[in-house]
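See structure below.
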Amino acid sequence: MHELLPSLKGYTKKQTGRISLSVKSSTTDRKHLWQAAIKWPLYSVAIMPVIVSAGWELGNSGNIRLGQFIGFLIASILILLWENLTNDLFDDETGVDKYKFHSVVALTGSKSTVSRVAYFSLLLGLFIIFILALKSKITVLFLVIICCFLGYLYQGPPFRLGYKGLGEPLCWIAFGPLATAAALIVISPKSNFDTTPWGTSLIVGAGPAMATTLVLFCSHFHQINQDAAVGKKSPLVILGTHRAAEFLPWFVGLIFLLELLPVLLGIWPITTLICLISLPSGLDLIKLIKRHHNQPERIKNSKFLALRFQTINGLCLSIGFAISSFFYN
Numbered sequence: 219m220h221e222l223l224p225s226l227k228g229y230t231k232k233q234t235g236r237i238s239l240s241v242k243s244s245t246t247d248r249k250h251l252w253q254a255a256i257k258w259p260l261y262s263v264a265i266m267p268v269i270v271s272a273g274w275e276l277g278n279s280g281n282i283r284l285g286q287f288i289g290f291l292i293a294s295i296l297i298l299l300w301e302n303l304t305n306d307l308f309d310d311e312t313g314v315d316k317y318k319f320h321s322v323v324a325l326t327g328s329k330s331t332v333s334r335v336a337y338f339s340l341l342l343g344l345f346i347i348f349i350l351a352l353k354s355k356i357t358v359l360f361l362v363i364i365c366c367f368l369g370y371l372y373q374g375p376p377f378r379l380g381y382k383g384l385g386e387p388l389c390w391i392a393f394g395p396l397a398t399a400a401a402l403i404v405i406s407p408k409s410n411f412d413t414t415p416w417g418t419s420l421i422v423g424a425g426p427a428m429a430t431t432l433v434l435f436c437s438h439f440h441q442i443n444q445d446a447a448v449g450k451k452s453p454l455v456i457l458g459t460h461r462a463a464e465f466l467p468w469f470v471g472l473i474f475l476l477e478l479l480p481v482l483l484g485i486w487p488i489t490t491l492i493c494l495i496s497l498p499s500g501l502d503l504i505k506l507i508k509r510h511h512n513q514p515e516r517i518k519n520s521k522f523l524a525l526r527f528q529t530i531n532g533l534c535l536s537i538g539f540a541i542s543s544f545f546y547n
């Protein structure tokens, strides 16, 4: 702002005021663009597998390794930062982000800087995972590397499986059984798992991972035209917004089925029914999409409604696991 003051000489007071307002408006707009680019609420999807796993472990053994838990949280955020930044890079290459002014690449104007930050975040995240694996099982490192590979398959060349409608299955696998298995091993006492807990990670992680997949699914609604223009066959491009909106209640219903069925079968404690607190958020999302599925401006924030549902659902499920020890022990 100060650098602009000398150039205002010669203007009237009224003209100077208009220019100052324009500069302030531009600064405010840029701030909002950066807030949209960072998308900090989306990092809920990174930490949810370890939060749900911690709840499950507290409910079963009453103990988690807190240092390991915090380390996994930090590593998860760093790895998702890599995923988000490289997605911006790859989308810039294909042109799908041509009109996405809150892309980090568009805001910085430097692909090399974005790339360096992205891969530094990945290496730092994997280094933390390596340290955690040494204190638990080396299997953890391999599980997380597979998650990263799935993340690259989603957008990275030459695969770009997200452009072929396979992003959602990849998301569920990475944030479901793989991430949950890694988290369970990391935070649990060493004697708890002699082998990879595939059965536990599948049943514990299935519902929350489906909620995470819902966030990805909803992120396509407002950009269906841009996706179709560059040949990106997202589920929305394949189904169309009307059919996708009709499918959404089944999607949300499947999440609750995966979380309620273990209770009905006596596998989970009844306290996990607290996850039903997230139902109103799910219904709000369904109503919004149903009414405005073909109006991009009205539903551009639908992924954040989906994120609210995902966050409340995962946190409540974790709490339900954790407090079960007070009722059943």
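In the numbering used here, each residue carries its 1-based index in the sequence shown increased by 218. Even for Gly, the Cβ is constructed at its ideal location relative to N, Cα and C. Nothing here was measured: the structure is a model prediction, and the numbers come from that model.
Q) Going by C-alpha distance, which of Leu-296, Ile-297, Cys-493 is nearest Gly-538? A) Cys-493
Q: To the nearest angstrom, report how far apart Ile-488 and Asp-310 are at their CA atoms.
A: 47 Å
(Q) Taking the alpha helix (DSSP H) that Gln-286 belongs to, which residues open and close that run? (A) 284-312
Q | Cβ-based burial, Asn-302 [other Cβ within 10 Å; buried from 16] | A | buried
Q. Taking buried to mean at least 16 other C-beta atoms within 10 Å of its own C-beta, is Glu-477 buried or exposed?
A. buried
Q) Are there 16 or more other CB atoms within 10 angstroms of the CB of His-460, so buried, or fewer, so exposed? A) exposed
Q: Starting from the C-beta of Ser-243, find all residues in its chain whose C-beta is less than 6 Å away, skip the five residues before and the five after it, and write them out in chain order.
A: In this prediction, Ser-243 has a pLDDT of 44, which is less than 50 and means its spatial position is unreliable; nothing more can be read from the coordinates.
Q. Would you call Lys-505 buried or exposed, if buried means 16 or more other Cβ atoms sit within 10 Å of its Cβ?
A. exposed
Q. Less than 7 Å separating the beta-carbons of Gly-559 and Ile-269?
A. Any property of residue 559 remains undetermined from this structure, which presents the chain solely from 219 to 547.
Q | Beta-carbon spacing of Gly-532, Pro-426 below 7 Å | A | yes
Q | For Ser-356, three-class secondary structure by DSSP | A | Sequence check: residue 356 is Ile here, not Ser. If DSSP states are grouped into helix, strand and coil, Ile-356 belongs with coil.
Q.
Using CA atoms only, rank isn't needed, just tell me which of Gly-458, Thr-431, Val-470 is closest to Leu-260.
A. Thr-431
Q) Since Leu-359 contacts Phe-348 with CB under 8 Å, what's their CB separation in whole angstroms? A) 6 Å
Q: On a CA-only basis, which of Gly-374, Ala-351, Glu-275, Leu-472 is nearest Trp-300? Give me that one, please.
A: Gly-374
Q. Ser-520 to Ser-437, Cα distance in whole Å?
A. 7 Å
Q) Can you tell me the Cα-Cα spacing of Glu-464 and Arg-283, whole angstroms? A) 43 Å
Q) What is the DSSP secondary structure of Val-558, counted as helix, strand or coil? A) The question about residue 558 has no answer, for the chain in this structure spans 219 to 547.
Q) Cβ atoms of Val-335 and Leu-307: under 7 Å apart, would you say? A) no
Q) Going along the chain, which unbroken runs of the alpha helix (DSSP H) with 4 or more residues stay wholly within the stretch 374-430? A) 385-391, 397-405
Q | Residue burial classification, Ala-447 (beta-carbon count within 10 angstroms, cutoff 16) | A | exposed
Q. Does DSSP put Asn-531 in a helix, in a strand, or in coil?
A. helix
Q: Report back the beta-carbon spacing between Gly-383 and Tyr-372 to the nearest angstrom; my notes put them in contact at under 8 Å.
A: With a Cβ gap of about 11 Å, Gly-383 and Tyr-372 do not count as contacting.
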